[in-house]
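Accompanying notes for the structure given below.
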Amino acid sequence: MTEQASPEPTIGDARGHELALHEPAPAQMVPLPQEPGQLLPQRPGVLAVGTMMKRRNVFAVWLGLPLITLGIYNLVWWYKVNAEMAAFDRRHPVNPAATLLAFLFGWILVIPPYLAVYGTGQRIAERQRAAGLAPTCSPALGIVLVFVLGLHTLYYQSELNKIVDRYGVPAGAQVSLAA
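Note that the sequence shown covers residues 643 to 821 in the working numbering.
Below you can see the structure in the form of structure tokens.
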């Protein structure tokens, strides 16, 4: 006996429609954030967890490594910090590549690098809240410090180190987050 190969059902087909789409029931669906900064919903009873960020020496981030690498380290740091913040709290989506591109090519339009500095300051404050700390990072101060010897990297790294110090675990460890 030979089996007949039936054509794959399409969305327009009435038969097999439920099997072809494999969509979860509406009660199981979790809506994604529609606006930047909007929180991802948590299922009741599920504890939020994240991956710990790396503690860095603030003076090495601000002056030492950028001098040694002729400024390349600033771009690496910017990408890594935003990627670590994305892994630390997945409820707040972060695109580290977009932030880096704002620095690389945003100077043509003048405004994007400053938006990236401000947005990173906001993300650090959100991560401080997620760690159960009072948010002490000020994005406006970060913008001002851009014009004062580029001290924004020193300031932002010191604010990130507060989160790392609060947990006291090595980079990459799983940590529970505040609600």
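Note that the Cβ used here is the ideal one computed from N, Cα and C, for glycine as well.
**Report entry** Residues near residue 744 by beta carbon distance below 7 angstroms, same chain, minus five either side
**Finding:** Locating residue 744 in the sequence shown gives position 102, counting from the first residue. If we look at residue 744 and ignore the five residues flanking it on each side, its Cβ neighbours are 754, 755, 757 and 758.
Query raised in the report: Apart from the five residues on each side of it in sequence, which residues of its chain come closer than 8 angstroms, Cβ to Cβ, to residue 776?
Result: Residue mapping note: residue 776 aligns to position 134 of the sequence shown, counting from 1. 770, listed in sequence order.
Query raised in the report: Using CA coordinates, which residue listed in 734, 691 and 794 is at the minimum distance from residue 782?
Result: Walking along the sequence shown from the start, residue 782 turns up at place 140. Residue 782 has its Cα closest to that of 794, out of 734, 691 and 794.
**Report entry** Cutoff 8 angstroms; reference residue 666; Cβ partners in own chain excluding five residues on either side
**Finding:** Here the question's residue 666 lines up with position 24 in the sequence shown. Note that residue 666 scores a pLDDT of 37, beneath 50, so its modelled location is shaky; the value from the coordinates is reported in the next line. Nothing meets the Cβ criterion.
Query raised in the report: By DSSP, does residue 818 sit in helix, in strand, or in coil?
Result: Taking the sequence shown and counting its residues from 1, the one referred to as residue 818 is at position 176. Of the three classes helix, strand and coil, the one that applies to residue 818 here is strand, per DSSP.
Report task. From the DSSP output, in three-state form, read off residue 691 for me. Result -> As a working mapping, residue 691 is identified with position 49 in the sequence shown. Strand.
Requested in this report: Go ahead and pull the three-state DSSP assignment for residue 748.
Outcome: Residue 748 sits at position 106 when you count from the first residue of the sequence shown. Of the three classes helix, strand and coil, the one that applies to residue 748 here is helix, per DSSP.
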